[in-house]
Structures are given as structure tokens and as C-alpha cells.
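Numbering follows our numbering, with no gaps: position 9 of the sequence shown is -10. Even glycine gets a Cβ: it sits at the ideal position worked out from N, Cα and C. Each remark here refers to the structure printed beneath this line.
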Amino acid sequence: EGVIITDRVKSDIKSGQFRPLYFFSGEEEYLNDYYSEEIVKALVPEGMKIFNYLSFSIDFDLSSFENFLNSPPIMNPKKVVYIKDCGLCSKSVKEDVRDRVKDIISELPSYATVIINESNPTKTMGIYKEILSHQTHIL
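Structure (C-alpha cells):
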């Protein structure tokens, strides 16, 4: 079903081998935030964040997301997008935006890692099912 336990995330961080997509949800908000931030720290050094890190909290901007992912990283092997509680897996985001994000995450460039942290995802949404197909769901 695509559920990865926290030991797998710890292993990814320790090995430096990261997946292109991580999805955190569930009641353990502190752990979700902690592991999201640990992935970011492991992939993008503090001095490189200005070029290689983009975050959204509550308000999601599709064009910024696309533009950021369409350019390669600068002086770092990876770029990271962190999306927290923007409602991508709910009806609060327009369907065309959800569909475009679903298309983007299904074909992420090799240099990108996207972390989505949603407290209350709607599990019947197409984007949620796309995320599960990547086996990246963290409970």
C-alpha cells in the first residue's frame, strides 16, 4: 500500500539515498515535521537553500513549483520542495492544480525531491493515489 515506516526514512537519511517523493501524514505531527526537516537538511546545505530549496506553507503556488523544478540545482546535486498543509490532497485546492501537481510528481527530475506533509489528506483524491503509487507514504 505504499506505507514506509520511520525506520526507512532514518535509513534513507543515514545512507544519503533519497526517494524523489515523500508524503507525511497522520497524527504524529511532531515526527512528520522532524523527518521532513531532516531530509531537507541532508539534501540542501544551509548556504545553498537560497538556490535549491522552496517551501510552501498553507498557500501553494503552482507556477513557482513548476518553475523551480524545471531548473537544475545550483552548486548542489539536489533541489528540495517542501509543501506543508497546503491542501493538495483535499478539495481546498482546485482540481486542475491538483491534476497538474499529480502529473509533475509522476515525472520528477532526478535532481529533485518533493516532501508533502499534509495533516488531513482526503484518501480518495487522485493525487493521494498517485503519491501512494510511489510507495512514499509515511505514517
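Report all residues from its chain with a CB closer than 6 Å to the CB of residue i; omit the five preceding and five following residues, and keep chain order.
i      : result
Ala93  : Leu50 and Lys60
Tyr122 : Any question about residue 122 goes unanswered here, given that the chain covers just -18 to 120.
Ile55  : Phe32
Can you tell me whether residue i is buried or exposed, with buried defined as 16 or more other CB within 10 angstroms of its CB?
i     : result
Ser6  : buried
Tyr11 : exposed
Ser36 : exposed
Grouping DSSP H, G and I as helix and E and B as strand, with all else coil, what is residue i?
i      : result
Tyr3   : strand
Thr105 : coil
Glu10  : helix
Glu99  : coil
Leu89  : coil
Going by the DSSP bridge assignment, what does residue i pair with across the sheet?
i     : result
Thr94 : Val61
So, at 8 Å on beta carbons, what are the nonlocal neighbours of residue i in its own chain, with the 5 sequence-adjacent residues on each side left out?
i       : result
Asp66   : Ser38, Ile39, Asn98, Glu99 and Ser100
Phe(-1) : Asp(-7), Ile20, Ala23, Leu24, Lys59 and Thr94
Gly(-3) : Ala23
Who are the near neighbours of residue i in its chain, counting only those whose CB is closer than 7 Å to its CB and skipping five residues on each side?
i     : result
Pro90 : Leu50
Leu2  : Ile86, Leu89, Val95, Ile112, His115 and Thr117
Arg81 : Leu43
Checklist entry - Where are the beta strand (DSSP E) runs, 3 residues long or more, that stay fully inside the stretch 14 to 87, in chain order? => result 34 to 38 and 60 to 65
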